[in-house]
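Numbering-wise, the sequence shown is residues 5 to 321 according to the numbering used here. Ideal placement from N, C-alpha and C gives every residue a C-beta, glycine not left out. Below is one structure; the comments refer to it alone.
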Amino acid sequence: MQYCKTPQLMISVVLCTYNRAELFANALNTLCEQLLETNLYEIIIVDNNSKDSTPEIAENFCRDYPNIRYFLETHQGLSHARNRGWQEARGLYVAYADDDCKMPASWLTIAVEIINKITPAVFGGPYFAFYDSQKPYWWKDSYGNYEQARVSRPLRRLEYLRGGNIFFRRKVLEDMKGFEVGLGMSGQTLGYGEETHLQRRIRSEMPDDIIYYDPRLYTYHLVRPGKMCIRWILYSYFVSGRNSNDIFQQTFHKTGRLNKLRLLCQAILILFKLQADCLNGVMRRDREQYPYLKNYLYENTSKYFAMLGKLYDEFIR
């Protein structure tokens, strides 16, 4: 008697979402249109307390596609939702895609090629901007793109994959206990860095494993109108700086009056530099490199907001 071997479930794609029903449905459609055989992958929807029509949309997809499962994660925060995703996953690898992304039909097919050939601990690829609104006059497409390299290769020590297009070996997530729940988005509260923090831990505790990048494994990422506002961009740099101490596990001087005075002095110095840099942007910037002042603020001045965010985090500890 001959027995048919059940194919290995290769990939569990986790799609975390919060109050973005229409965008989420578009992303889910692209996952349902993958060229990879449906018995080789599953889709796990993790609803992080959405109050819109997300549950109804998810129910419709689950009814039409047997490889889709839906879960409600009541602990608010993207890291909580991501952890729920891998805990429910059955695949050899767990993929994370953002709910405002579009995945090409070959995305999972290429991922399986990488798994079979490289078997990395973590792998991912680039994403490229797309829009559903008019771009501002000063906006460059490169601002919405992420590219780490032009060729497929293991990433170096200080190179990291972005969380909107990333695959983890499920055993690695299990061994690492997943994402740090104190990092990342939480509802409408901005936060960053949970995937970078996890990659740093993997490099530290599993130094022989590979974090791999392949430019063929691309997705498209929506740049929403609110993210093309210079005020939001500078604030996001501040938040990124504020989170960096936890991401990179910085050590601190003991909290005290002298230390707080030192931090205040550093902040004042940075504010002076920021003011001087803004004046330089107005008066003396290279008009070919920075056609508009907002280009200069985005590409150059933003680093001072990250510095201030880092100091602020250390000050309030």
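Query: CB-CB under 6 Å to S248, same chain, minus the five flanking residues each way: which ones, in chain order?; Result: K314
Query: Can you tell me where the alpha helix (DSSP H) with S110 in it begins and where it stops?; Result: Careful: S110 lies outside any alpha helix (DSSP H) and carries neither H nor E.
Query: Apart from the five residues just before and just after G230, which ones in its own chain have a Cβ nearer than 7 Å to its Cβ?; Result: W236
Query: Give every residue of the same chain whose Cβ lies closer than 7 Å to the Cβ of I214, excluding the five residues on either side of it in the sequence, and list them in chain order.; Result: I122, P124, A125, P158
Query: Which of the three DSSP states is assigned to S54 in this structure?; Result: coil
Query: What's the call for N87, buried or exposed, on a 16-neighbour Cβ count within 10 Å?; Result: buried
Query: So, for N71: in the same chain, excluding its five sequence neighbours on each side, which residues have a beta-carbon less than 8 Å away from its beta-carbon?; Result: T42, N43, Y45, E46, I47
Query: Counting Cβ pairs closer than 8 Å, one from the segment 161–170 and one from the segment 197–207, do we hit at least three?; Result: yes
Query: What is the rounded straight-line gap between the Cα of N23 and the Cα of Y150?; Result: 25 Å
Query: Could you check the C-alpha separation between Q91 and E178 for me, to the nearest Å?; Result: 8 Å
Query: Check whether the Cβ atoms of V185 and S54 sit closer than 8 Å, and answer yes or no.; Result: no
Query: Can the beta-carbon of L96 be found less than 8 Å from the beta-carbon of Q12?; Result: yes
Query: Taking buried to mean at least 16 other C-beta atoms within 10 Å of its own C-beta, is Q6 buried or exposed?; Result: Only weak support is given to the placement of Q6: the predicted model assigns it a pLDDT of 42, under 50, and the value that follows is read from those uncertain coordinates. Exposed, because fewer than 16 other Cβ atoms sit within 10 Å of the Cβ of Q6.
Query: Under a three-way DSSP split, which group does Y7 fall into?; Result: Note that Y7 scores 38 on pLDDT, short of 50, meaning its location in the model is unreliable and no value can be drawn from it.
Query: Give me whichever residues DSSP pairs with C20 in a beta bridge.; Result: V50
Query: Is E318 buried or exposed, if buried means 16 or more other CB atoms sit within 10 Å of its CB?; Result: buried
Query: What is the C-beta distance between A29 and I61, in whole angstroms, given that I count them as a contact (C-beta under 8 Å)?; Result: 5 Å
Query: Which value, in whole angstroms, describes the spacing of the CA atoms of L221 and D212?; Result: 23 Å
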